[in-house]
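Peer 1: Here's a structure for you.
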Amino acid sequence: MSTNANRRQVLRMRPMTKVLAVVLAASVAWLLEAQTNIPAPPAQDYGVRGGQPDAGDPFSNLSTPENNGFNDGQSRFNPQNLETVAQGLGPTFNGRTCATCHSQPAVGGSSPAQNPQIAQAPQGSTIPTFLTQDGPVVEARFQYWLNPNTNPPTVTNVRDGSVHDLFTITGLSGEGTCTNYSQPPFALEQSLGNVSLRIPTPVFGLGLIETITEEMIIKNMNANGGTKQQLGIAGVPNRSGNDGTITRFGWKAQNKSGQIFAGEAYNVEMGVTNEEFPNERGNSPYQNEAGDPPTTCLLNPTPEDATNFGQSGLQLLSDIVEFSSFMRFLDQPKQDPYNIPGNPTQAQINDGQTQFNRIGCNMCHTPSLMTGQSSYDDGANQTPFLTDQTANLYSDLLIHHMGGLADNIQQGLALGDQFRTAPLWGVGQRIFFLHDGRATPSNGGLLTAIQDHNLPVPGNSNYPPSEAAAVIGAFNGLTNAQQQDILFFLRSL
């Protein structure tokens, strides 16, 4: 047994002392419910699964060149030093490393417990009120453009939907002539109800998701048609406006591939232009405003990240190519029944999975999809890692109407109330949930995320009720112990 395996076994045998009281109380409650008519206490999410991260490692059977590519991409994805203006940061940005957004429970994951964006803010910056130290990493999108001809500005009926970065390079070392570039008017936009927030999505198992065929996605969409119709579930694919194929990455399944995902994030989140997105972004709340970004803030030739033709080997490749290599070769998270706060038994986790399927959660959160053929499995003596694999993603990769969760942002075919079924693999070690991170440890975590699948639609909205309404109704009809078992099952993923 390896050193890591020994360490893992020790961790499993020594649960945290502070959980012991919860464990004993919960165990007694469930035993009483099983033997008497005394109900178990209301279900609660006891928090993030402990122990070692069950995600963040490469596939174990990569070829040597692929493993080298993974390691190189990981080092670029998680640099030791923050991105600088000279390296391409800005003129606007949300964070200064990829790991700013993707670090929980390992590099490639989602938002960490303590938000690093505040520490990365330039001197003199205003911290928007929606950005908190113990809250999730966020990006802000404006739903509509403002009207520059009114005072104060008012919201137009022209859709925006793009990210407006939190900070500018004004105030950073290397700002050069970019000494007076203002942040967007977030307080005004919030007062107008025009801000929609997004938190990072994990990139574990990205290569497997890329390799799932369109035929498989459509076949799964059409499966269990009678049950889905009875439950009111009618998910559909989002599609590329360029080639019409199914897109599958991001909160609205708006991106086609890992490399497009990486290129967009490099430009949008850090302001680094690249061969996918070669133009510098501005931050104006007004459509077609001249001088946005100001020419005084265009400090580098573009694209700032490009193929390095003067180099050889891995150094020839651009950052976004190696970012995508890292993400593509990340293995899927593993299910783990140990170190779950509340110390559930295997029987409780099994019952949670049974209840999860019985009430219809699996009609959208499809437990697994098979991948197709991948050209990365090209070695005669190499065991395939992407081809014909079972991706245990717990998602149908479709977009669904989600009622009161609507963010009023349209992307591709996804309307303002439609979101991709979020993959649940790795959810046991995530901290923040739902597209805007509203479900947090302080307000119920996973339980809040479940209940918010069926928020009421505002009376002035044209959006339909959530497709999850019947399933959440069934969840609310379960006993406390059955609801608790579902939470334990989810924390095992």
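Counting from 6, one number per residue, gives the positions in the sequence shown under the numbering used here. The beta-carbon is built from N, C-alpha and C at its ideal position, and this holds for glycine as well. The model shown is predicted, which means the values in this text are computed figures rather than measured ones.
1. Which class does residue 266 belong to by DSSP, given the choice of helix, strand or coil?
2. From residue 92 to residue 309, what does the alpha carbon distance come to, in whole angstroms?
3. My guess is that residue 497 and residue 341 are in contact by the Cβ rule of under 8 Å, so how many angstroms apart are they, rounded?
4. Taking DSSP's pairing of strands, which residues face residue 138 in a bridge?
5. Could you compute how far the alpha carbon of residue 264 sits from the alpha carbon of residue 109?
6. Report the option in 313, 473, 240, 358 whose CA atom is closest to the CA atom of residue 403.
7. Have a look at residue 56 and residue 461 and give me their C-alpha separation to the nearest angstrom.
8. How is the alpha helix (DSSP H) around residue 354 delimited, first residue to last?
9. Would you say residue 82 and residue 334 are within 8 Å of each other, going by their C-beta atoms?
10. Below 8 Å on the Cβ atoms is my guess for residue 375 versus residue 395; work out the distance and round it to an integer in Å.
11. For residue 494, which residues of its own chain have a beta-carbon under 7 Å away from its beta-carbon, when the five flanking residues on both sides are left out?
12. Would you mind working out which of 348, 419, 89, 254 sits nearest residue 276, comparing C-alpha positions?
13. Going by Cα to Cα distance, which pick from 431, 468, 252 is closest to residue 209?
14. What are the start and end residues of the alpha helix (DSSP H) that includes residue 492?
15. Rounded to whole angstroms, what is the Cα-Cα separation between residue 482 and residue 47?
16. Taking the alpha-carbon positions, what's the residue 492 to residue 172 distance?
17. Secondary structure at residue 381, three-state DSSP: helix, strand or coil?
18. Near residue 398, which residues of its chain fall below 6 Å by C-beta distance, leaving aside the five closest residues on each side in sequence?
19. Here's the rule I'm using: 16 or more other beta-carbon atoms within 10 Å means buried, otherwise exposed. How should residue 267 be labelled?
20. Straight-line CA distance for residue 144 to residue 189?
21. Using the three-state DSSP reduction, which class does residue 29 fall into: helix, strand or coil?
22. Between which two residues does the alpha helix (DSSP H) carrying residue 162 extend?
23. Run through DSSP, which three-state label would residue 271 get?
24. Is residue 252 closer than 8 Å to residue 417 when the C-beta atoms are compared?
25. What would DSSP say about residue 34, mapped onto helix, strand or coil?
26. Please report the straight-line C-alpha distance between residue 4 and residue 86, rounded to a whole angstrom.
27. State whether the segment 463 to 478 contacts the segment 222 to 242, with contact taken as three or more CB pairs (one from each stretch) at a distance under 8 Å.
28. Just to confirm, are residue 452 and residue 291 a CB contact at a threshold of 8 Å?
29. Could you tell me if residue 2 is buried or exposed, where buried requires 16 or more neighbouring beta carbons within 10 angstroms of its beta carbon?
30. Answer yes or no: do residue 59 and residue 338 have a C-beta to C-beta separation smaller than 8 Å?
31. When the Cα of residue 218 is compared with those of 450, 242, 443, 299, which residue comes out closest?
Peer 2: Considering the structure as presented:
1. helix
2. 7 Å
3. Indeed, because the Cβ distance is near 6 Å, the residues count as touching under 8 Å.
4. BP columns for residue 138 are empty, so no partner.
5. 21 Å
6. 240
7. 38 Å
8. It spans 351 to 363 - the alpha helix (DSSP H) in which residue 354 sits, taken as one unbroken run.
9. no
10. 6 Å
11. Once the five neighbours on either side are set aside, the close Cβ partners of residue 494 are 354, 357, 358, 361.
12. 89
13. Comparing Cα-Cα distances from residue 209 to each of 431, 468, 252, the minimum goes to 431.
14. The continuous alpha helix (DSSP H) containing residue 492 extends over residues 485 to 497.
15. Cα-Cα distance, rounded: 13 Å.
16. 37 Å
17. Assigned with DSSP and collapsed to three states, residue 381 falls in coil, not helix or strand.
18. 428, 430
19. It counts as buried.
20. 12 Å
21. Low confidence applies here, because residue 29 scores a pLDDT of 42, under 50, leaving its location unreliable and the question unanswered by this model.
22. Careful: residue 162 lies outside any alpha helix (DSSP H), inside the beta strand (DSSP E) at 159 to 164.
23. Helix.
24. Yes.
25. Note that residue 34 scores 46 on pLDDT, short of 50, meaning its location in the model is unreliable; the coordinates nonetheless yield the value given after this. Residue 34 falls in the helix class under three-state DSSP.
26. Limits of the chain in this structure are 6 at one end and 498 at the other, which puts residue 4 out of reach.
27. yes
28. no
29. Since the first and last residues shown for the chain are 6 and 498, residue 2 lies out of range.
30. yes
31. 242
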